[in-house]
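In my numbering, the protein residues as written are 737 to 900.
Idealized CB from N, CA, C, for every residue including glycine.
Bear in mind the structure is a predicted one, so any value in this text is a computation, not a measurement.
Step one of this worksheet: look at the structure below.
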Ligand SMILES: [Zn+2]
């Protein structure tokens with residue numbers, strides 16, 4: 737495959753919208769470049785749909801997004817710009833499952849320059865974030881994960897992690 741064909745293919749899958757990848761407190765993150773109204777679609781969590789029964793490296797790959805008990809989205813592909821969205825216990829965006837796709841919407845108005853975040857869900861939080869301490873803005877400012885967030889975590893699409 738020539739270089740030009742490859743870059744065309746990459747462009748075809750590149751996700752564009754009112755955001756850019758930039759430096760966040762914990763590495764890279766996704767930031768708004770324009771005001772995003774509450775309820776507005778932001779980005780799809782894009783990846784290959786894989787049956788959970790074929791997933792073997794669940795602990796190595798943190799990018800599996802739980803669609804349902806049978807299917808997951810493997811979002812590890814770099815063309816999945818939504819993979820840069822960090823977890824927050826006080827998020828400004830929220831993922832929804834729609835016809836086998838994960839779409840991320842603004843749960844409140846988001847200002848230009850603000851980091852876009854969503855709640856990864858209770859399972860992910862307990863497996864990957866709680867042991868090392870959550871570094872989201874809410875927790876760093878002493879707010880911590882609210883009971884409100886806990887109550888809703890199990891109701892929303894969440895990144896799946898292996899049950900212990
Ligand atoms: Zn937190």
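Contact between residue 770 and residue 867 does not hold, since the beta-carbon distance rounds to 36 Å and is not under 8 Å. By the Cβ-count criterion, residue 853 is buried, with 16 or more other Cβ atoms from all chains shown falling within 10 Å of its own Cβ. The alpha-carbon of residue 801 is positioned some 21 Å away from that of residue 753.
Exposed is the label assigned to residue 784, since fewer than 16 other Cβ atoms lie within 10 Å of its Cβ. Looking from the CA of residue 856, the closest CA among 827, 766, 786 belongs to 827.
The C-alpha of residue 797 lies about 12 Å from the C-alpha of residue 808. Per DSSP, reduced to three states, the secondary structure at residue 818 is helical.
Residue pairing by DSSP places residue 847 in no beta bridge whatsoever. Non-local C-beta neighbours of residue 805 in its own chain, meaning closer than 8 Å and more than five positions away in sequence, comprise 788, ordered along the chain.
At least one heavy atom of ligand 1 lies closer than 8 Å to the C-beta of residue 874. DSSP places residue 876 in the uninterrupted alpha helix (DSSP H) bounded by 873-876. Taking C-beta atoms under 8 Å as the contact rule, residue 829 and residue 840 qualify, at a distance of about 5 Å. The Cβ atoms of residue 768 and residue 821 do not sit closer than 9 Å to each other. Ligand 1 never approaches residue 776 closely enough for any of its heavy atoms to be under 8 Å from the residue's Cβ.
In the DSSP annotation of this structure, residue 772 is not part of any beta strand (DSSP E), being labelled neither H nor E. Going by DSSP, residue 837 is part of the beta strand (DSSP E) stretching over 837-842. Buried is the label assigned to residue 766, since at least 16 other Cβ atoms lie within 10 Å of its Cβ.
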